[in-house]
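Residue numbers (the working numbering), protein chains in the order written: chain A, 409 to 854; chain B, 13 to 188.
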């Protein structure tokens, strides 16, 4: 859970002071290195990640894994890697001693050492993250991961997730995937297909061809299935895909209706979505095993973009019942709903944080689009971005980073994926092969 | 082969070719829905019939008018739209061999899923009006493309105004 703001602020202050005394008088015992997310801007923490030791057959893997660890950590904006050319000591043996004075001298607060070995198609990665000042391994940050060489990037992400977690106190999010819509072609005849990638844009795989428009995919809570909207039947229909087999089936094919905006319940057993009939759009729930359909809203207005609370007890959604899109929360069984958005402009695409503490949304106001977050009662609204067109936030598994679609204007306008953390820091584009939209984050992989 | 039979055959071909054809989404305008210079690849617009033949699709598209436009975030039919739709209805009532899919569209100023719902509202407004003018409901179907198929690509009101549309796309056959 998020710490109260005042305590957070104190912690930041303490960290800032700690950083000062570190260089000035490195004599007193220090608090373990710590970054508090959700606080005021702080300087990135200097860390050192010397190339992992090759313990046999690892070849290029050791170098590549070290690079991905650094890229993950630096990519958060909270860490600054001290390059190897500035290192005084070399780590040539994983279990050999560490000359902490050498790492203190270059002002590294955290040192991550590792070793990689490969036998056949099996790869083993072990690592230790040290609090340099105290010369001790950070509690719990000495682990070993094993798997196939094909999954070497995941090993790196897992190492980085542990380091990130130990220092921030937050869950990790690097070992995760993102499903999105890969786009090509001109703006008036855009081709779209489903694709999935690592959270950092690597390892792209395509899940559909470009013959039908596909929109707004979502991962199941276990990451094994997808829900999305497809025009494959000629009409927009919610579709379920098994990620492993890529088998898919259209759900709820009622003639004369359109179904879209599907999302999973936290137990993965139910899809909530919008069903349009006669021009009116309401939210329904479909039991994915029994096929039982339940209507959750019943209003002449547009009700869409539902999202479950992580405890499964409530659904946040958007409705234009007041005359323009606003955000409402209702019980999971349906009902009137309580409006929670109250600022100027239109609010849509609400997404409940996996931690339950915030709702992310798209806001349109005075011709600009914003990604923002608010508390689940609508308080503490914060806009994190502004552009010609930002929309559709998705939460990282740790609920501390958002990814979204940003589209540029005009005839040559193109969509791309961006991420930002919940304080509005570290806005950056996610590298993709071509234009991309509608990202949805997977849970943290097992 | 009669002219009507030829037209039907060509319409069937057009139907297939339309899968990847942006003109499918009402970009034809005065050129007709089959003005398929680009992705459709050399399909003769005469497939829609002679625009001087008042029973042809080309006549409907060009002379009657196959589309109506909407205000920002609205699905209310303007007096001008009602006038076009009245003409569509009387044409459809006289030419009972055609069915229609009404495509609703939105401009890019809106979130994706909301725009899908908004496009559906627009298509339904047209459908309801045509039914109120005596067109059999069984001949009409609606679909929304939201903001996925803009007709004009600029990011200014001049383009947006043309993109906020509902297009009545005819096909041969009494029902859909």
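For glycine and all other residues, C-beta sits at the position ideal for the given N, C-alpha and C.
Quick caveat: nothing in here was measured; it's all calculated off a predicted structure.
Three-state class that DSSP yields for residue i in the structure shown
i                      : result
residue 150 of chain B : helix
residue 466 of chain A : coil
residue 843 of chain A : coil
residue 655 of chain A : coil
residue 661 of chain A : coil
residue 91 of chain B  : helix
residue 159 of chain B : coil
residue 176 of chain B : coil
residue 508 of chain A : helix
residue 113 of chain B : strand
residue 430 of chain A : Confidence at residue 430 of chain A is low in this model, with a pLDDT of 24, below 50, so its placement is unreliable and no value can be given for it.
residue 129 of chain B : helix
residue 799 of chain A : strand
residue 683 of chain A : strand
residue 554 of chain A : strand
residue 169 of chain B : helix
residue 780 of chain A : strand
residue 850 of chain A : coil
residue 71 of chain B  : helix
residue 502 of chain A : coil
residue 619 of chain A : coil
residue 461 of chain A : strand
residue 44 of chain B  : In this prediction, residue 44 of chain B has a pLDDT of 34, which is less than 50 and means its spatial position is unreliable; nothing more can be read from the coordinates.
residue 136 of chain B : helix
residue 53 of chain B  : Reliability of the predicted coordinates at residue 53 of chain B is poor, the pLDDT of 38 falling under 50, and the value obtained from them is presented with this limitation in mind. Residue 53 of chain B: coil per DSSP, three-state reduction.
residue 450 of chain A : coil
residue 33 of chain B  : Legend: pLDDT at residue 33 of chain B = 40, less than 50; position of this residue unreliable, no value from coordinates given.
Cβ pair residue i, residue j closer than 7 Å
i                      : j                      : result
residue 566 of chain A : residue 583 of chain A : yes
residue 712 of chain A : residue 678 of chain A : no
residue 552 of chain A : residue 574 of chain A : no
residue 622 of chain A : residue 571 of chain A : no
residue 783 of chain A : residue 798 of chain A : no
residue 796 of chain A : residue 817 of chain A : yes
residue 497 of chain A : residue 507 of chain A : yes
residue 609 of chain A : residue 838 of chain A : yes
residue 793 of chain A : residue 123 of chain B : no
Closest residue to residue i among the options (Cα-Cα distance)
i                      : options                       : result
residue 752 of chain A : A:496, A:742 and A:786        : A:786
residue 669 of chain A : A:629, A:650 and A:710        : A:710
residue 118 of chain B : B:180, B:176 and B:182        : B:176
residue 160 of chain B : A:591, A:587 and A:512        : A:591
residue 700 of chain A : A:659, A:766, A:844 and A:721 : A:659
residue 854 of chain A : A:541, A:562 and A:756        : A:562
residue 846 of chain A : A:645, A:801, A:633 and A:642 : A:801
residue 742 of chain A : A:483, A:665, A:702 and A:616 : A:702
residue 523 of chain A : A:483, A:509, A:474 and A:490 : A:474
residue 775 of chain A : B:183, B:167, B:185 and B:184 : B:167
Nonlocal neighbours in the same chain, by C-beta distance under 6 Å from residue i, ignoring five residues either side
i                      : result
residue 477 of chain A : 457, 564, 567 and 568
residue 830 of chain A : 781 and 808
residue 754 of chain A : 732, 733 and 772
residue 716 of chain A : 673, 674 and 723
residue 445 of chain A : 576, 578 and 808
residue 628 of chain A : 672 and 676
residue 180 of chain B : 78, 100, 112 and 114
residue 721 of chain A : 740
residue 472 of chain A : none
residue 147 of chain B : 101 and 104
residue 618 of chain A : 599 and 601
Residues of its chain near residue i, where Cβ-Cβ distance is below 7 Å and the 5 sequence neighbours each way are ignored
i                      : result
residue 63 of chain B  : 70, 71, 74 and 75
residue 128 of chain B : 156 and 158
residue 136 of chain B : 154
residue 107 of chain B : 67
residue 173 of chain B : 81
residue 465 of chain A : 525, 526 and 527
residue 612 of chain A : 603, 605 and 841
residue 164 of chain B : 171, 174 and 175
residue 836 of chain A : 826 and 827
Close beta carbons around residue i, own chain, < 8 Å, minus the five adjacent residues each side
i                      : result
residue 77 of chain B  : 96, 99 and 100
residue 84 of chain B  : 119, 121, 172 and 176
residue 852 of chain A : 569, 579, 580, 581, 583, 584, 805 and 806
residue 641 of chain A : 658 and 661
residue 856 of chain A : The first residue shown for chain A is 409 and the last is 854, placing residue 856 of chain A beyond what the model contains.
Chain E residues whose Cβ lies nearer than 8 Å to that of residue i
i                      : result
residue 114 of chain B : Among the protein chains in the structure shown, which are A and B, there is no chain E.
In chain order, which continuous runs of the beta strand (DSSP E) of length 3 or greater are located wholly inside the stretch 686-762 of chain A?
Those beta strand (DSSP E) runs which fall completely within the stretch 686-762 of chain A and span 3+ residues are 688-695, 701-703, 711-716, 722-727, 734-739 and 754-760.
Identify every run of the beta strand (DSSP E) within the stretch 509-588 of chain A, keeping only runs that are complete inside it and at least 3 residues long; order them along the chain.
Taking only runs of at least 3 residues, the beta strand (DSSP E) segments lying wholly in the stretch 509-588 of chain A are 518-527, 530-539 and 544-556.
List, from N- to C-terminal side, the beta strand (DSSP E) runs of 3 residues or more that fit wholly inside the stretch 782-839 of chain A.
Listed in chain order, the complete beta strand (DSSP E) runs (minimum 3 residues) inside the stretch 782-839 of chain A are 798-803, 809-815 and 823-829.
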